[in-house]
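Colleague:
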Amino acid sequence: MARLAKTSSRHKIEPGVELIGDAEAVDSYSNMLSGVVKLTKSLSDGRQQIVGLQFAPDFLGRPFKVKSAINAEAVTAVSLCTFPRAAIERMMKESPELEHRLLKQTLNELDEAREWMVALGRKTAPEKVASFLLMIARNIDSSVGPAARSACFDLPLTRADISDFLGLTNETVSRQLTRLRMDGVIRIENNRHVTVDNVKRLEQRCGGATRNSPLNET
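The sequence shown begins at 1 in UniProt numbering and counts up by one.
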């Protein structure tokens, strides 16, 4: 791992910057140190669908893939530790520890993707919005574990992006956020800063267990 560190470089990415485009050649991979990245898939007519979010310490990219299968865009300020593709692929062959770590992340993402498919396909609008907020809280606020009582975070996505991600209209998302606020489940300041005084109450609105993050796939 020390040899791999010698090939790395640190980068600060501003919100709105595209990290890699769909079908673009892959020449490096990155470990996320902070921030949130939005993953989207484009259709031939220009429409896009958000297919996942990535958070620190996720690994951005798929080793041994020549081209990216998605678009990745920073939705907040993002810090990355980037490695050349050749160095990562060489170290994976030489280091069972690194290979195990990346395989574990891939399997976790598969489980999370399946759970999020259930959320999108079967949960009601109130349950979808609550599940989204809980997922953001658990990934952005590191203190939010199984025993956490409260959480505080900034929404990384716009209302339009949240609507796209959840398959709901902007009006429905706004209504559900207002409902959660009026019921005392959350507090919202400046339209983006969310406080959850009782995480258990938010969990109860989710309609079932929800993992930390959805559809992380690059």
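All C-beta atoms, glycine included, are put in the ideal place defined by N, C-alpha and C. Owing to the predicted nature of the structure, the values given are computational and were not obtained by experimental measurement.
Assuming A137 contacts A151 under a Cβ cut-off of 8 angstroms, what Cβ separation, rounded to an integer in Å, is found between them?
Modeller: On the sequence shown, residue 137 is found 137 positions in, with the first residue counted as 1. On the sequence shown, residue 151 is found 151 positions in, with the first residue counted as 1. About 4 angstroms; that satisfies the 8 angstroms criterion.
Colleague: What span of residues does the alpha helix (DSSP H) with E97 cover, start to end?
Modeller: As a working note, residue 97 is residue 97 in the sequence shown. That run of the alpha helix (DSSP H) goes 96 to 122.
Colleague: Are the stretch 85 to 92 and the stretch 35 to 45 in contact at 8 angstroms, needing three or more beta carbon pairs?
Modeller: No, the stretch 85 to 92 does not touch the stretch 35 to 45.
Colleague: Rounded to the nearest angstrom, how far is the Cβ of F55 from that of I140, given a contact under 8 angstroms?
Modeller: Within the sequence shown, residue 55 is the residue found at index 55, counting from 1. Within the sequence shown, residue 140 is the residue found at index 140, counting from 1. Contact holds; Cβ gap of about 7 angstroms.
Colleague: Please classify N71: is it buried, with 16 or more other beta-carbons within 10 angstroms of its beta-carbon, or exposed?
Modeller: By 1-based counting over the sequence shown, the position of residue 71 is 71. N71 comes out buried.
Colleague: Taking the alpha-carbon positions, what's the F83 to V36 distance?
Modeller: Counting from 1 along the sequence shown, the entry for residue 83 is found at position 83. Counting from 1 along the sequence shown, the entry for residue 36 is found at position 36. Approximately 19 angstroms, taken between the alpha carbons.
Colleague: Straight-line CA distance for Q105 to L177?
Modeller: Within the sequence shown, numbered from 1, the residue matching residue 105 stands at position 105. Within the sequence shown, numbered from 1, the residue matching residue 177 stands at position 177. Put simply, the backbone Cα of Q105 is about 31 angstroms away from that of L177.
Colleague: Ignoring anything shorter than 3 residues, give me the beta strand (DSSP E) runs that lie fully in the stretch 49 to 92, in order along the chain.
Modeller: 71 to 74, 78 to 84
Colleague: Helix, strand or coil: which one does DSSP assign to E189?
Modeller: By one-based count along the sequence shown, residue 189 stands at place 189. E189: strand per DSSP, three-state reduction.
Colleague: Express the C-alpha separation of R101 and D22 in angstroms, rounding to a whole number.
Modeller: As a position in the sequence shown, residue 22 is number 22, starting the count at 1. As a position in the sequence shown, residue 101 is number 101, starting the count at 1. Rounded to the nearest angstrom, the two C-alpha atoms are 25 angstroms apart.
Colleague: Below 8 angstroms, how does it come out for the stretch 164 to 172 and the stretch 114 to 132: are there three or more Cβ pairs, yes or no?
Modeller: yes
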